[in-house]
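In the UniProt record's numbering, the protein residues as written are 1 to 128. Beta carbons: idealized from backbone N, C-alpha and C, even for Gly. First the structure, in the form of structure tokens, and then the observations on it.
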């Protein structure tokens, strides 16, 4: 898998998320996916994303930048949204906030196998 191929696959994955095209998530994500070192599997990963979109109705993934090598993609995602209720343990209650997520993906056979994510909780807290 070449570097441009992973970047293209990743952009397709982000488009899939933004369209909430859950039936095609397996095109981009391995059945044995792990999230922050914990096995969640494709069904658990999908359930996590569906929950995120329920709790954040205006959720939209914006790629700020991405880098890739032969088997990994690193990305900074920017969000401008209005989470309902609590988000990251903070009472947001529908207020519009902006924050970033730094996320790294490892691929196997062209699909995401491992995801490591860090969300800027301090940015969320500073806006409330």
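Query	Result
Could you check how far apart the C-beta atoms of residue 95 and residue 128 are, in whole angstroms? I think they sit under 8 Å.	7 Å
CA-CA distance, residue 50 and residue 20?	8 Å
Among 113, 15, 110, 100, whose alpha-carbon lies nearest the alpha-carbon of residue 119?	100
In chain order, what residues of the same chain have a beta carbon less than 7 Å from the beta carbon of residue 6, not counting five sequence neighbours either side?	68, 73, 107
Report back the beta-carbon spacing between residue 42 and residue 29 to the nearest angstrom; my notes put them in contact at under 8 Å.	6 Å
With distances taken Cα to Cα, identify the nearest neighbour of residue 52 among 102, 122, 86, 13.	86
Would you list the one or two residues that DSSP bridges to residue 77?	63, 101
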